[in-house]
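Asker: Numbered continuously in this note's numbering, the sequence shown closes out at residue 148. By construction, the Cβ of each residue, glycine as well, lies at the ideal position given by its N, Cα and C atoms.
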Amino acid sequence: MKKLILYSIFFYTSLFAVDGYKVYKDKCASCHIEMISKEKTINNLDKIKAPPMVEVSNRLKENIIIKDDDEDTHRHLVILFIKDYIINPNLDYFMCNAGALERFGVMPSLKGKITHQESQAVAEWIYDRYEGIEFK
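(1) Got a sec, what are the start and stop residues for the alpha helix (DSSP H) A29 sits in?
(2) Are the CB atoms of V66 and T127 nearer to each other than 9 Å?
(3) Between V118 and F106, how many whole angstroms is the CB-CB distance? I'm expecting something under 8 Å.
(4) Enumerate in chain order the residues of its own chain whose CB-to-CB distance from Y19 is below 7 Å, with the five nearest sequence positions on each side excluded.
(5) Is D95 near A135, with beta carbons less than 9 Å apart?
(6) Going by other Cβ atoms of all chains shown within 10 Å of its Cβ, with 16 needed for buried, is G111 buried or exposed?
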């Protein structure tokens, strides 16, 4: 009986799991390019609507600092920040460089346009997708 209950929980959890990449494509990709080099970004600034997602991910990982080097804690805090920021973007918490702020401004809020599950999934995807990848 316990196995049946555990299987049911796993099945229903996976059935309703949200794909972070799909959320990115649906909610973020119209402004944030997934992957582009720094040189191509500079050469195409007139066509780019927001900082490339690789740069966003890198900046967040660099700027959100914890005392110990616990990667799980750092990942958790970055994900929490992303989830909050996409709903409540604020100049006080802007982490891209000053040029990006001047060029793009603060992003519009996705409040009412993204579910909690979608924000969790896309925040995890933003962190994990660019692990070990630099914006250069």
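Answerer: On the basis of the coordinates in this document:
(1) One-based indexing of the sequence shown puts residue 29 at position 17. Unbroken run through A29: none, as it is neither H nor E.
(2) Residue mapping note: residue 66 aligns to position 54 of the sequence shown, counting from 1. Residue mapping note: residue 127 aligns to position 115 of the sequence shown, counting from 1. No, Cβ-Cβ distance for V66 and T127 is not below 9 Å.
(3) Taking the first residue of the sequence shown as position 1, residue 118 is located at position 106. Taking the first residue of the sequence shown as position 1, residue 106 is located at position 94. So it is a contact: roughly 6 Å between Cβ atoms.
(4) The residue you call residue 19 lines up with position 7 of the sequence shown. Interpretation of Y19 is limited by its pLDDT of 47, a score under 50 that renders its predicted location unreliable; the figure taken from the coordinates is listed afterwards. For Y19, where only same-chain residues beyond five positions count, there are no Cβ hits under 7 Å.
(5) Here residue 95 refers to the residue found at position 83 of the sequence shown. Here residue 135 refers to the residue found at position 123 of the sequence shown. Reading off the sequence shown, one finds Lys at residue 95, where the question assumed Asp. Yes, they are a contact pair.
(6) On the sequence shown, position 99 is the one that residue 111 refers to. Exposed, because fewer than 16 other Cβ atoms sit within 10 Å of the Cβ of G111.
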